[in-house]
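Since the structure comes first, as structure tokens, the remarks are kept for the end.
There are 2 protein chains.
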Amino acid sequence: MAAITIDDVASLAGVSIKTVSRVLNHEPHVRAATRERVLAAVDSLKYRPNVSARALAGSRSYLMALFFDNPSPGYVHQIETGAMGACRNSGYYLIVEEMLESGVELERRVAAFNSTVRMDGVILPPPLCDRTELLAALDAEKVPYVRIAPTTHLDRAPYVFMDDRQAAYEMTTYLQSLGHRDIAFIAGPPDHTAAARRLEGFRDAMEQAGLPVGPDRVQNGAFSFLSGAECGELLLTAADRPSAIFAGNDDMALGVMAVANRLHIDIPGTVTLAGFDDSPGAQVVWPQLTTVRQPVADMAREATELLIAAGRGDVGPKARRLDFEIIVRQSSGPPAR
Amino acid sequence: MAAITIDDVASLAGVSIKTVSRVLNHEPHVRAATRERVLAAVDSLKYRPNVSARALAGSRSYLMALFFDNPSPGYVHQIETGAMGACRNSGYYLIVEEMLESGVELERRVAAFNSTVRMDGVILPPPLCDRTELLAALDAEKVPYVRIAPTTHLDRAPYVFMDDRQAAYEMTTYLQSLGHRDIAFIAGPPDHTAAARRLEGFRDAMEQAGLPVGPDRVQNGAFSFLSGAECGELLLTAADRPSAIFAGNDDMALGVMAVANRLHIDIPGTVTLAGFDDSPGAQVVWPQLTTVRQPVADMAREATELLIAAGRGDVGPKARRLDFEIIVRQSSGPPAR
DNA sequence: TCTGCGTTTGACAGCGCTGTCTTACCGTTT
DNA sequence: AAACGGTAAGACAGCGCTGTCAAACGCAGA
């Protein structure tokens, strides 16, 4: 396994190693015929440039980092998938790191990381992307980064996002279109920006349709299965039960579903249920959950591509919005009678 | 951000860079006093060696790769967590790659990967770890690897695993200890080695307890939610319903649970249910599922540590068995009446 | 005191590439 | 035919570290 180096390619093509380097890096000033010869040599030798050598000699390392602190495996996995895909297409590699520390420790960790592995960019999913110390540390190290669905410091760095408010608005509209007029909403933690936006979208859609939303029709959950179950129990056992429940995320919707099953309340026959996120659990439950699909993988892909483009000197857009999708499954239907 | 190099440390400590290198690599032939001086300099400068330079100059790259093709986000995430933890403790970094191709394409991909980033080792979770082409490609490239829960070619390379048969045996024993005598088992695909082992453990425990297992008491599922639901329906609607159902994995157990809810069969009041895997869904369901916790993250950690030790020249054990755990939650209880 | 041998330390080359600078080349213009 | 300007290609240094080998050191015994 004597590794093939750029010298081998150069001598086979009958050019200097610098010319091979030019071809590989898509630099100008190479005659078309020469380029062909080089590429043919690269092909026949199956030559692949070594990233460590490139990183050491040049200004790019071809390494992207994905930092995360999100406890949800499904979410992280989707982010990874998107980021990995973008990296692969451009000859980059992805290093994944869990960043659970905060404050000074976080800053130290980032600095240490960056001196050992000079990365070309960092992808920051929520909620990590909202940590001020992190942004500061990255800025100090001059490492480019792109944030995914950030909620603060929006002018500080490029980011990709989706419109939570609009998504909740459209889901609510969909439920109304089925004939529901008494719809309850289970909100997430008020300090969670996306959660607040979703509630906003729900309220706007109800108001616009001229439908009242009583105070007991908005319950405060915590984005967890358990909190969903609690809020669900409250709503489902009330004397005047809503005909539809829209939970601010899938975990809470699944909580509601568990309670409904226990209370022998048929979904969607008696009560319609909708969630938000299209988490893996949404399909592994019966009935399968009507929900909003967030383009999580796509956001990560876009973020990574932004970073890669920036490495080439292309300045991309400051922010990029991606589209959600309303996924209608079996948990929603027209109201009873 | 003028990066701090080994030269800075060397001149501060008043030694040559080679001596600093020796200290950093725990090489012998450095006087204790010298080592202290060097370490103090490293500390005060917050110096971190650069992995690219190390990889280029030396025989180690400090990069581990995790290849996977497992579609389950939860499983992959646990593997990652374990592997990342081990890497972090030893100054290694983890590159994650999804390897969906097969045959010659897989071999090519591995070869290309290894020439661009010369990794110190590869972690192979199932089912990827059972692909003969992959092992061949890795062997050809002379890249060390450790497999997690492999089922074939066990003598080919080190691996970590857990005893599926024993785990199923103990879970069955636990169900018996609750008073269940008529227990049904939903098996996984027969060609899936772990699935076969679990069935084996179930049968052994039943036989040893002198309990009969009728032919209809072992249903063949496919490790999926849907197949679990189908088998569950068969078992639960039969005239002579078993008092307990042990599903070969959690997904199938959740399928059974969904059907039971729909049929208004109380779990665990009427029928006890147990799964296997302790997947994320097991806790996000009501009642929470009694199951077997596989030490997935621990297996990945051990695998990574084996690889790191091998890089230092230590030859570890050929195989390492880790312990499972029976997790008793709310889906199991004494038989009715 | 000197020799001999093991231990500690350093000089130096070079890993495989890219950045910078220089030279060779080729077609135009005067 | 000479001079020019721009493009194509190469020479060379060096990125930050480790491996090899040689030198210096220190302590034993003669």
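Residue numbers (my numbering), protein chains in the order written: chain A, 13 to 349; chain B, 13 to 349. Backbone N, C-alpha and C fix where the C-beta goes; we use that ideal spot for every residue, glycine too. None of these values were measured; they are calculated from a predicted model.
### Message
Less than 8 angstroms between CB atoms is the rule here; does Ile338 (chain B) satisfy it with respect to chain A?
### Response
Within the second sequence, numbered from 1, the residue matching residue 338 (chain B) stands at position 326. For Ile338 (chain B), the answer is no, since every Cβ of chain A falls outside 8 angstroms of its Cβ.
### Task
Compare the Cα-Cα distances from Arg49 (chain A) to each of A:Leu147, A:Val32, A:Ile339, A:Asp216 and report the closest residue.
Position 37 of the first sequence, counted from the start, is the residue given in the question as residue 49 (chain A). Just measuring C-alpha positions, the residue of A:Leu147, A:Val32, A:Ile339, A:Asp216 sitting nearest Arg49 (chain A) is A:Val32.
### Residues within the segment 107-119 of chain A neighbouring chain B, beta-carbon criterion of under 9 angstroms
Listed by position along the chain: Ile107, Val108, Glu109, Glu110.
### Message
For a cutoff of 8 angstroms on Cβ pairs, would you count Tyr157 (chain A) as touching chain B?
### Response
Counted from its first residue, the first sequence places residue 157 (chain A) at position 145. Chain B, which has no Cβ nearer than 8 angstroms to the Cβ of Tyr157 (chain A), makes this no.
### Task
Determine the DSSP secondary structure at Leu166 (chain B), reduced to helix, strand or coil.
Position 154 of the second sequence, counting from 1, holds the residue named residue 166 (chain B). Three-state result, Leu166 (chain B): coil.
### Task
From the DSSP output, in three-state form, read off Met6 (chain B) for me.
What the structure shows of chain B is the stretch from 13 to 349, and residue 6 (chain B) is not part of that stretch, so it cannot be assessed.
### Message
Let's test the definition: count the other Cβ atoms within 10 Å of the Cβ of Arg66 (chain B) and tell me whether it reaches 16, buried, or not, exposed.
### Response
Numbered from its first residue, the second sequence carries residue 66 (chain B) at position 54. Classification of Arg66 (chain B): buried, given that the 10 Å Cβ count is 16 or more.
#### Entry: Residue closest to Thr284 (chain A), alpha-carbon to alpha-carbon, out of A:Thr144, A:Ser189, A:Asp175
Taking the first sequence and counting its residues from 1, one reaches residue 284 (chain A) at position 272. Nearest option by C-alpha distance: A:Ser189.
### Task
With DSSP as the reference, please indicate the residues paired to Gln178 (chain B) in a beta bridge.
As a position in the second sequence, residue 178 (chain B) is number 166, starting the count at 1. In the DSSP output, where bridge partners are listed per residue, Gln178 (chain B) has none listed.
### Task
Can you tell me the Cβ-Cβ gap for Ala352 (chain B) and Val268 (chain B), rounded? I've got them flagged as a contact below 8 angstroms.
What the structure shows of chain B is the stretch from 13 to 349, and residue 352 (chain B) is not part of that stretch, so it cannot be assessed.
### Query
Taking one C-beta from the segment 338-345 of chain A and one from the segment 270-283 of chain A each time, how about it: are there three or more such pairs within less than 8 angstroms?
Yes, the segment 338-345 of chain A touches the segment 270-283 of chain A.
#### Entry: Beta-carbon gap between Val122 (chain A) and Leu146 (chain A) smaller than 8 angstroms
For the purposes of this step, residue 122 (chain A) is taken as residue 110 along the first sequence, with counting starting at 1. For the purposes of this step, residue 146 (chain A) is taken as residue 134 along the first sequence, with counting starting at 1. The answer is yes: Cβ separation under 8 angstroms.
### Query
So is Arg72 (chain B) in contact with chain A if we call contact Cβ pairs under 8 angstroms?
For this step, residue 72 (chain B) is matched to residue 60 along the second sequence. With 8 angstroms as the cut-off, Arg72 (chain B) does not count as an interface residue toward chain A.
### Query
Can you tell me the Cα-Cα spacing of His192 (chain B) and Leu301 (chain B), whole angstroms?
If you number the second sequence from 1, residue 192 (chain B) lands on position 180. If you number the second sequence from 1, residue 301 (chain B) lands on position 289. Between the alpha carbons of His192 (chain B) and Leu301 (chain B) lies a distance of about 17 angstroms.
### Task
Mind checking which residues open and close the beta strand (DSSP E) that includes Leu334 (chain A)?
The residue you call residue 334 (chain A) lines up with position 322 of the first sequence. Taken as a continuous stretch (DSSP letters only), the beta strand (DSSP E) holding Leu334 (chain A) covers 331-334.
### Message
Quick check on the burial criterion: 16 or more other C-beta atoms within 10 angstroms. Buried or exposed for Ala45 (chain A)?
### Response
By 1-based counting over the first sequence, the position of residue 45 (chain A) is 33. When all chains shown are included, Ala45 (chain A) counts as exposed.
### Message
Helix, strand or coil for Asp289 (chain B)? Go by DSSP, reduced to three states.
### Response
Numbered from 1 along the second sequence, position 277 holds the residue referred to as residue 289 (chain B). Note: Asp289 (chain B) maps to strand in three-state DSSP.
### Query
Anyone know if the C-beta pair for Asn261 (chain A) and Asp290 (chain A) falls short of 8 angstroms?
For the purposes of this step, residue 261 (chain A) is taken as the residue at position 249 of the first sequence. For the purposes of this step, residue 290 (chain A) is taken as the residue at position 278 of the first sequence. No, Cβ-Cβ distance for Asn261 (chain A) and Asp290 (chain A) is not below 8 angstroms.
### Query
Are the segment 217-224 of chain B and the segment 147-164 of chain B touching, with three or more C-beta to C-beta distances below 8 angstroms?
They do not touch, by the three-pair rule.
### CB of Pro85 (chain A) within 8 angstroms of CB of Gly86 (chain B), strictly
Translated into positions along the first sequence, residue 85 (chain A) becomes position 73. Translated into positions along the second sequence, residue 86 (chain B) becomes position 74. In contact: Pro85 (chain A) and Gly86 (chain B) (Cβ atoms closer than 8 angstroms).
### Task
Identify the contact partners of Ala124 (chain B) in chain A, using a Cβ-Cβ distance below 8 angstroms as the criterion.
Counting from 1 along the second sequence, the entry for residue 124 (chain B) is found at position 112. Around Ala124 (chain B), the beta-carbon contacts reaching into chain A at under 8 angstroms are Lys58, Arg60.
### Message
My output table needs one value for Gln220 (chain B): the three-state DSSP class, helix, strand or coil.
### Response
The count along the second sequence starts at 1 and reaches residue 220 (chain B) at position 208. When secondary structure is reduced to three states using DSSP, Gln220 (chain B) falls in the helix class.
#### Entry: Check whether Ala265 (chain A) and Arg229 (chain A) have beta carbons under 8 angstroms apart
As a working mapping, residue 265 (chain A) is identified with position 253 in the first sequence. As a working mapping, residue 229 (chain A) is identified with position 217 in the first sequence. No, the pair does not count as a contact, with Cβ atoms beyond the cut-off.
### Task
Have a look at the DSSP bridge pairing and note the partners of Ile135 (chain A).
Locating residue 135 (chain A) in the first sequence gives position 123, counting from the first residue. Answer by DSSP bridge pairing, in chain order: A:Leu78, A:Val158.
### Task
Specify, as a first and last residue, the run of the alpha helix (DSSP H) that Ile320 (chain B) falls within.
Start at 1 with the first residue of the second sequence, and residue 320 (chain B) comes out as number 308. Annotation: the continuous alpha helix (DSSP H) that includes Ile320 (chain B) extends over 308-323.
#### Entry: CB-CB length for Leu24 (chain A) against Phe79 (chain A), believed under 8 angstroms
For the purposes of this step, residue 24 (chain A) is taken as the residue at position 12 of the first sequence. For the purposes of this step, residue 79 (chain A) is taken as the residue at position 67 of the first sequence. 41 angstroms between Cβ atoms; not a contact.
### Query
Of the choices A:Ala169, A:Phe214, A:Thr185, whose alpha-carbon is the least far from that of Ile198 (chain A)?
On the first sequence, residue 198 (chain A) is found 186 positions in, with the first residue counted as 1. Residue A:Phe214 is the option with its Cα nearest to Ile198 (chain A).
### Query
Which partner residues of Tyr171 (chain A) appear in the DSSP bridge assignment?
Counting from one through the first sequence, the residue named residue 171 (chain A) turns up at place 159. Answer by DSSP bridge pairing, in chain order: A:Arg159, A:Ala331.
### Query
Along the chain, where does the alpha helix (DSSP H) that runs through Val271 (chain A) open and close?
Counting from 1 along the first sequence, the entry for residue 271 (chain A) is found at position 259. For Val271 (chain A), the enclosing alpha helix (DSSP H) has its first and last residue at 262-274.
### Ala53 (chain B) versus Gly94 (chain A) - alpha carbon distance
Residue 53 (chain B) sits at position 41 when you count from the first residue of the second sequence. Residue 94 (chain A) sits at position 82 when you count from the first residue of the first sequence. Each residue's alpha carbon lies about 42 angstroms from the other.
### Query
CB-CB under 8 angstroms to Glu109 (chain A), same chain, minus the five flanking residues each way: which ones, in chain order?
Taking the first residue of the first sequence as 1, we reach residue 109 (chain A) at position 97. Cβ within range, chain order: Ala77, Leu78, Phe79, Phe80, Phe125.
### Query
Does Asp263 (chain A) have its Cβ less than 8 angstroms from a Cβ in chain B?
Here residue 263 (chain A) refers to the residue found at position 251 when the first sequence is read from its first residue. Interface residue (Cβ-Cβ distance to chain B less than 8 angstroms): Asp263 (chain A) is classified as such.
### Message
Going residue by residue through the segment 183-244 of chain B, where are the continuous alpha helix (DSSP H) segments of at least 4 residues, counting only ones entirely within it?
### Response
Fully enclosed alpha helix (DSSP H) runs of 4 or longer: 205-220.
### Query
Cβ atoms of Gly97 (chain A) and Arg313 (chain A): under 8 angstroms apart, would you say?
Here the question's residue 313 (chain A) lines up with position 301 in the first sequence. Here the question's residue 97 (chain A) lines up with position 85 in the first sequence. Between Arg313 (chain A) and Gly97 (chain A), the C-beta gap is smaller than 8 angstroms, which places the two residues in contact.
### Query
Nearest CA to the CA of Glu337 (chain B): which residue from B:Ser28, B:Glu182, B:Arg43?
Indexing the second sequence from 1 puts residue 337 (chain B) at position 325. With respect to the C-alpha of Glu337 (chain B), the residue from B:Ser28, B:Glu182, B:Arg43 having the closest C-alpha is B:Glu182.
### Query
I think Phe235 (chain A) touches Ala207 (chain A), with their Cβ atoms under 8 angstroms apart; what is that distance to the nearest whole Å?
Locating residue 235 (chain A) in the first sequence gives position 223, counting from the first residue. Locating residue 207 (chain A) in the first sequence gives position 195, counting from the first residue. Between the beta-carbon of Phe235 (chain A) and that of Ala207 (chain A) there is about 7 angstroms, and that keeps the pair under the 8 angstroms contact cut.
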